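Notes follow once the structure below has been shown.
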Amino acid sequence: MKKDKAVKIIQAALRKGRKTLSEYEAKQVLAAYDIPVSREVLVKDKARLDAALGKIGFPLVMKGCSADIAHKTEKGLIHVDIRTVTEARKAFRDIMAGLEGFDGGALIQEMIKGRRELVMGLTRDPQFGPCVMFGLGGIFTEILRDVSFRRAPLTLRDAREMMQDIKGRKILDAVRGMEAADADTLAQMLINLGQIGLDFDSVMEIDLNPVILSGAKPVVVDALMVVAG
421 MKKDKAVKII QAALRKGRKT LSEYEAKQVL AAYDIPVSRE VLVKDKARLD
471 AALGKIGFPL VMKGCSADIA HKTEKGLIHV DIRTVTEARK AFRDIMAGLE
521 GFDGGALIQE MIKGRRELVM GLTRDPQFGP CVMFGLGGIF TEILRDVSFR
571 RAPLTLRDAR EMMQDIKGRK ILDAVRGMEA ADADTLAQML INLGQIGLDF
621 DSVMEIDLNP VILSGAKPVV VDALMVVAG
């Protein structure tokens, strides 16, 4: 079963005494729960870089990926809109130099295009247990704090109400030539996030930001998952 993979990833992290999963690991857990994530390949060896570039294709994004580094932007570990092999090789060298001393590699990721960014997440409340969050993403997450919460498990009605609870809900509508967001997929993503929290008492927090609307389809572009034994 696909969910067995999620169990193995989380248990392996806990055995090592880690508090977070790497972005790559977190997305593998999400994918096991049918949550759409960006296509990507983790590369630790320069000899495997060209094959990964061919698999993902240009343009692409390259990120430093380590469970020990949560904030990649501040450390210069994110390179976007890479369009040539030469650019990719330079970005790879820079990232691996920046990761020196850390266990990790370079995440070769498809570049998801879309002007609308959402945030989804999960937090474990001491009183209510796992609670799912939805709102406006990207730079607006901390500025506007336009989010809604529901306690897991979520019904389809709960998930749809969450999407309508935010002030910026019109971002999900057809607007300025952009098609309406796939509300069914968004709702199922929220339901499945709640299920992860129910299935794993060790998952304390999940932060998916941004979730980009590529046309109508939501795709998780960045993910953080906090765990505790």
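The working numbering puts the last residue of the sequence shown at 649; the count rises by one with no breaks. From the three backbone atoms N, C-alpha and C, an ideal C-beta is built for every residue, glycine too. Everything numeric in this text was worked out from a predicted model, so none of it was measured.
Here the segment 585-598 lies against the segment 557-570, with 3 or more beta-carbon pairs under 8 Å apart.
A Cβ-Cβ separation of about 7 Å places Leu-542 in contact with Met-553 under the 8 Å criterion. Glu-530 carries a strand assignment under DSSP once its states are collapsed to helix, strand and coil. Contact annotation: the segment 436-444 touches the segment 478-488, with at least three C-beta pairs closer than 8 Å.
Thr-575 counts as exposed, since fewer than 16 other beta carbons sit within 10 angstroms of its beta carbon. By the neighbour-count criterion, in which 16 or more other beta carbons inside 10 Å mark a residue as buried, Thr-561 falls on the buried side. The straight-line gap separating the alpha-carbon atoms of Ile-498 and Arg-513 is approximately 12 Å.
The DSSP-derived three-state label of Lys-464 is coil.
Secondary structure at Val-641: coil, using DSSP grouped into helix, strand and coil. Per DSSP, the beta-bridge partners of Glu-625 are Thr-543, Val-646. Restricting attention to Gln-448, Glu-460, Ile-611, the CA atom closest to the CA of Val-427 is found in Gln-448.
Lys-483 is classed as buried because its beta carbon has at least 16 other beta carbons within 10 Å across all chains shown. Beta-bridge analysis with DSSP links Lys-483 to Ile-498, Leu-527. Per DSSP, reduced to three states, the secondary structure at Phe-560 is helical. Under the three-pair Cβ rule at 8 Å, the segment 630-647 counts as touching the segment 450-460. Phe-554 is bridged by DSSP to Met-540, Ser-568.
In this structure the segment 609-624 does not lie against the segment 514-522, because fewer than three pairs of beta carbons, one per stretch, are closer than 8 Å.
Of the residues assessed, Pro-546 falls on the exposed side of the cut-off, its CB having fewer than 16 other CB atoms within 10 angstroms. With a beta-carbon spacing of about 23 Å, Met-540 and Leu-462 fall beyond the 8 Å limit used to define contacts.
Pairing Gly-635 with Lys-533, the inter-Cα distance amounts to about 8 Å. Cα atoms of Gln-529 and Pro-479: separation of roughly 9 Å, rounded to the nearest angstrom. The secondary-structure analysis by DSSP pairs Met-598 across a beta bridge with Val-595.
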